[in-house]
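Residue numbers (full-length UniProt numbering): 1 to 156.
In this text, a Cβ means the ideal position worked out from N, Cα and C, and glycines have one as well.
Heads up, the thing below is written out as structure tokens.
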């Protein structure tokens with residue numbers, strides 16, 4: 001009768017403990033959470049909006065016009081499924097609070113899981129159900145800026 005060599009129970013437990021310790025140490029370095037993905041999304045969208053606003057500002061300067069848009073869209077406040085940062089009316093309305101020029105070619109649709117318009121010139125991005133970042137459009141600077149207290153925590 002031949003005797004087969006195998007691992008003892010102590011050796012198996014010891015190997016499993018080593019693997020568990022290594023995985024606990026390595027997990028934070030390899031985990032990429034949903035919140036991280038949302039932060040990357042909002043940073044890229046804010047940069048896209050500000051780049052479009054910068055282009056718009058340069059076009060206004062070449063036309064020697066100082067009538068920068070006072071609002072960025074015609075979306076309803078605190079309403080879902082609204083088109084943000086896009087104007088359906090492209091006519092020039094001077095001295096009115098109407099949307100003049102579209103900032104983006106394709107709109108961002110408002111929802112409680114991403115962007116929401118909370119005032120005429122203020123927007124909120126929901127990272128999750130408890131955390132959000134507020135942004136405000138400054139028509140003097142022609143810039144969408146972060147106005148939340150936690151802006152620096154998120155890298156804005």
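Chain D within 8 Å of residue 25, Cβ atoms only: No chain D is part of this structure, which consists of one protein chain only.
Is it right to say residue 75 is buried, meaning 16 or more other beta carbons lie within 10 angstroms of its own, or is it exposed? So residue 75 counts as buried.
Report yes or no: do three or more beta-carbon pairs, one from the region 101-111 and one from the region 76-90, lie closer than 8 Å? Three or more beta-carbon pairs drawn from the region 101-111 and the region 76-90 are found closer than 8 Å, and the two stretches are therefore classed as touching.
Could you give the distance in angstroms between the alpha-carbon of residue 128 and the alpha-carbon of residue 141? Answer to the nearest angstrom: the Cα atoms are 30 Å apart.
In the DSSP assignment, find the unbroken beta strand (DSSP E) run with residue 122 in it and report its ends. Residue 122 -> beta strand (DSSP E) spans 122-126.
Would you report the Cα separation of residue 30 and residue 17, rounded to the nearest angstrom? So the two alpha carbons sit approximately 20 Å from each other.
What residues in its chain sit with their C-beta under 8 Å from that of residue 57, if we drop five residues either side in the sequence? Sequence-distant partners of residue 57 (beyond 5 residues in either direction) whose C-beta falls short of 8 Å from its own C-beta, in its chain, are 68, 142.
How many Å lie between residue 87 and residue 102 at the Cα? A straight-line Cα-Cα distance of about 5 Å links residue 87 and residue 102.
Residue 123 and residue 117 look like a contact to me (Cβ under 8 Å); what is the Cβ gap, rounded to whole Å? Going by Cβ atoms, the distance from residue 123 to residue 117 rounds to 6 Å, so yes, they are a contact pair.
What are the boundary residues of the beta strand (DSSP E) that includes residue 146? Judged by DSSP secondary structure, residue 146 falls within the beta strand (DSSP E) whose first and last residues are 143-146.
Can you tell me whether DSSP reads residue 101 as helix, strand or coil? In the structure shown, residue 101 sits in coil (DSSP, three-state: anything other than H, G, I, E or B).
Using a Cβ-Cβ cutoff of less than 7 Å, which residues in the same chain neighbour residue 52 once the five nearest sequence positions on both sides are dropped? Cβ within range, chain order: 103, 104.
Compute the minimum distance between the beta carbon of residue 123 and the heavy atoms of the ligand GDP, and state whether it is under 7 Å. With respect to the ligand GDP, the structure shown offers nothing to examine, as it has no ligands at all.
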